[in-house]
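One structure below.
Protein chains in written order, with the working numbering: chain G, 1 to 475; chain W, 1001 to 1421.
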């Protein structure tokens, strides 16, 4: 069987024409100062940015991933762009109707009336948060859910306490870049003992031309709290490559649980591999407290290049980390993604389930590290990495690193690579299903372990997304 | 530091090249070329991803063993069958003791110009008695051939460089046990840089068991490199009994359809011993098969590393490949790094790999204790059971029995007392 999957044209490929306010191209201390001034940031944050920027200047683009990354001219990018604002936004009527229409096209329930869906959205349009819904309901229980710039203004003590504690600016090239120029992002604080009444959600959109987007998300879950955070991404079709270097930091205290789910469907370039988003993301969670839990679930279906390793540092005793991932690549996409689980506390536990699907000339790599420190007595890890190849030009590679320094640890790793089995395909076809439908069913079954970890509405979206990507398959 | 060692090695190997060792002019040219390659490549540092866990340079001796006369006159005890044995003393071929059955022929090594890494090149430029063993067409030998590398006092603080090429012609069949030994295992310090190469023609069937039982404070760098043609089968097992620093490179290329390989191994480490196994299996043709089981037992403060790369190139369809790496950590300070890697560029293949790390199960130990065995004995039995899994893969009975014996003796004396019982 030679299954050739043709790319489905990017569904969300449109461009909203909104006047944006931009700084000049390029990156220097001045730009960093301008960004900070624009946001009226306190002195300590400017210092942090400058320190990060000075460190970034010393760094080189990392080369260890199995990716072919074209040279990026960091001086040829805009580092700040915001939709023109009319003072503060008091009600939805004041928001640019065109912007609202964009969100409507994406199906974001921004309108208060649409809140039946039960999702609070902090929509990030390019770099500045425009409106936040459900704020009141969340305020009632003491949950803070706002843009990080607002958090800096309103709760500077919290931001100062946690910012950069999980991903220090010196962590890697992109983390330093982000720390220097991060424009906006979300801040979530769940107070002690609170189970967040809503699933929190942010839609990211990269919009203005040639704008690198540098999101920064910080989620803090206090003792005994729980939050489910959803992140979904779409971007308009564009020929120039766009850079996205985000940082997500999660902190879970004693008995707290954070679930972080992502559906990523950014523009992956056209059929000949031109254009597409470069997605260089640093995501990490610290399970600081006893019995704390952090789980990452991701469906990666877009971006020309993905470089992303959502990780967990299991510091508290009995803490748990989990990573569930589906990565689909087609055309000329490249993905180097996986996770790091660092076991530090006693009886810590981690689970890794990774499913990679590569079609056409794409390259899909799993790269993971499981590290058991000498202090992690009784640590347990289970990893499973399966790859599926569709077409004979695709590549699937797995690079697991297992590093164990404690003899009481039990670590298991399994991986397999295969193609869609002829028998399964034949069985389904003999039941009257079209080949395309069969492939999509088999792929969905292959990814089931991950999809079931997603919240319902996201699971539906994810299944649709994979189906959409596999449309027009030729058997 | 690494530059100092590298420069010393360049200087000393250049001096060795100037000595009259009786090679043909063209071979000497090839040696000079290899010398240049080593000069350019340098000694791999930990910045090199393939050497991430092993800093080799500080554990190398810098002088080469230059004497090409052998003095040992007794047949070493480890020889399994005296009808077939090839004996090297300190990297030098001992032609008085070596015996070969009919169908096998020893010749001088032919020129080579492609090297897998800098140590391969260094070995070629400094091997005093490089040999080529030809197994003639249709030769089937039912007893094992022993290749012994024996090191004694004269090689202290020297590098010894044995190099042997085994060429198996069509339809030949042979089992080879290659053992690295030292007459004073507790005392001597030296470096072995050994290369053993195989070329299997159509339908040849070779089994190679490598036993590394060097002196405890020696450094061993070994390369096993095999090229396998259509229908041929290369079976390999590496038994590493632990020493200060060991690096075993195993490289198998399956070049034609229906080529098969199984690359197995076992290491048992203790104290501060360090073993780094780096295996690469390349499926260059469709319908090729590979199977791998690597086991590690780690006690004391030892450090074991396993890297297993399986590469399936584009259009090598219908390959089957499986790999399993299992490790047993016996003490709190033992440390294992494992990197099972799959690089697949063809869609119609079946590949799997697995890795586990764990300790002896309390239930199993309890079961044996409840049958009246003392705790130590029970744990020892379980460790042997763990190891037997790998040793059972050896096809030749005599070699397997020999390996079991040497493993049991070794394991009893040394490793078990360092467990946290």
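Backbone N, C-alpha and C fix where the C-beta goes; we use that ideal spot for every residue, glycine too.
Point to revise | Through-space distance from residue 346 of chain G to residue 378 of chain G, alpha-carbon basis | key: 6 Å
Review point. Does the beta carbon of residue 1307 of chain W come closer than 7 Å to any beta carbon on chain G?
Key: no
Review point. Does the beta carbon of residue 1401 of chain W fall short of 6 Å from some heavy atom of the ligand FAD?
Key: The ligand FAD is not part of the structure shown, which contains no ligands of any sort.
Check your understanding: Under three-state DSSP, which class holds residue 1298 of chain W?
Key -> strand
Practice item. Would you mind working out which of W:1149, W:1038, W:1126 and W:1363 sits nearest residue 1098 of chain W, comparing C-alpha positions? Key: W:1149
Check your understanding: If you run the structure through DSSP and keep just helix, strand and coil, what is residue 1134 of chain W?
Key -> strand
Practice item. Say whether the stretch 1122-1130 of chain W touches the stretch 1034-1046 of chain W, bearing in mind that this needs 3 or more beta-carbon pairs closer than 8 Å, one atom from each stretch. Key: yes
Check your understanding: What whole-angstrom Cβ distance do residue 1251 of chain W and residue 1228 of chain W have, given they're in contact under 8 Å?
Key -> Incorrect: roughly 11 Å between the Cβ atoms, too far for contact.
Check your understanding: Is the CB of residue 405 of chain G under 7 Å away from at least one CB in chain W?
Key -> yes
Review point. Is residue 362 of chain G helix, strand or coil when you go by DSSP?
Key: coil
Review point. Between W:1107, W:1217 and W:1184, which lies nearest to residue 1154 of chain W when the distance is taken from Cα to Cα?
Key: W:1184
Check your understanding: Do you know offhand how far residue 243 of chain G's Cα is from residue 1390 of chain W's?
Key -> 49 Å
Check your understanding: Any contact of the stretch 1342-1350 of chain W with the stretch 401-412 of chain G, i.e. 3+ C-beta pairs under 8 Å?
Key -> no
Check your understanding: Taking Cβ-Cβ distances below 9 Å as the criterion, which residues of the stretch 59-70 of chain G are in contact with chain W?
Key -> 64 and 66
Review point. With burial defined as no fewer than 16 other Cβ atoms inside 10 Å of the residue's Cβ, what is the status of residue 64 of chain G: buried or exposed?
Key: exposed
Check your understanding: What residues in its chain sit with their C-beta under 8 Å from that of residue 1421 of chain W, if we drop five residues either side in the sequence?
Key -> Because the pLDDT of residue 1421 of chain W is 43, which lies under 50, any placement of that residue in the model is unreliable, and the question is left without a value.
Review point. How long is the line joining the alpha carbons of residue 439 of chain G and residue 420 of chain G, rounded to whole angstroms?
Key: 8 Å
Check your understanding: Rounded C-beta distance between residue 391 of chain G and residue 360 of chain G? I'm assuming under 8 Å.
Key -> 6 Å
Practice item. Identify whether residue 1345 of chain W lies in helix, strand or coil by the three-state DSSP scheme. Key: coil
Review point. Thinking just about the alpha-carbon of each residue, which of G:332, G:446 and G:249 is nearest to the one in residue 311 of chain G?
Key: G:249
Practice item. Give the secondary structure of residue 367 of chain G by DSSP, where H, G and I count as helix, E and B as strand, and everything else as coil. Key: strand
Point to revise | Endpoints, the beta strand (DSSP E) within which residue 1172 of chain W is located | key: That residue, residue 1172 of chain W, is in no beta strand (DSSP E); it is neither H nor E in DSSP.
Check your understanding: With 16 other CB atoms within 10 Å as the buried threshold, where does residue 1286 of chain W fall?
Key -> buried
Practice item. Pull up the distance between the alpha-carbon of residue 68 of chain G and that of residue 183 of chain G, whole angstroms please. Key: 27 Å
Practice item. Out of W:1121, W:1116 and W:1163, point me to the one whose CA is closest to residue 1133 of chain W's CA. Key: W:1163
Point to revise | Beta carbon of residue 1188 of chain W nearer than 7 Å to that of residue 1156 of chain W | key: yes
Check your understanding: How long is the line joining the alpha carbons of residue 90 of chain G and residue 341 of chain G, rounded to whole angstroms?
Key -> Caution applies to residue 90 of chain G, whose pLDDT of 48 falls short of 50 and renders its modelled position unreliable; the model cannot decide the point.
Review point. Under 7 Å between C-beta atoms, does residue 398 of chain G make it to chain W?
Key: yes
Exercise for review: Name, in chain order, the residues that DSSP records as bridge partners for residue 245 of chain G.
Suggested key: Paired residues: none, contrary to the question.
Review point. Excluding sequence positions up to five away, which residues of its chain have a Cβ less than 6 Å from the Cβ of residue 1152 of chain W?
Key: 1183
Review point. Are the beta-carbon atoms belonging to residue 180 of chain G and residue 52 of chain G less than 7 Å from one another?
Key: yes
**Study point:** Length at least 3, wholly inside the stretch 312-386 of chain G: the beta strand (DSSP E) runs in chain order
**Key:** 320-329, 334-337, 340-343, 349-359 and 363-372
Practice item. Give the range of the beta strand (DSSP E) segment to which residue 1286 of chain W is assigned. Key: It is not in any beta strand (DSSP E) - residue 1286 of chain W carries neither H nor E in the DSSP assignment.
Point to revise | Cutoff 7 Å: residue 1335 of chain W Cβ touching any chain G Cβ | key: yes
Practice item. Taking only beta-carbon positions, decide if residue 1341 of chain W is within less than 7 Å of chain G. Key: yes
Exercise for review: Spell out whether any CB of chain G is found under 7 Å from the CB atom of residue 1359 of chain W.
Suggested key: yes
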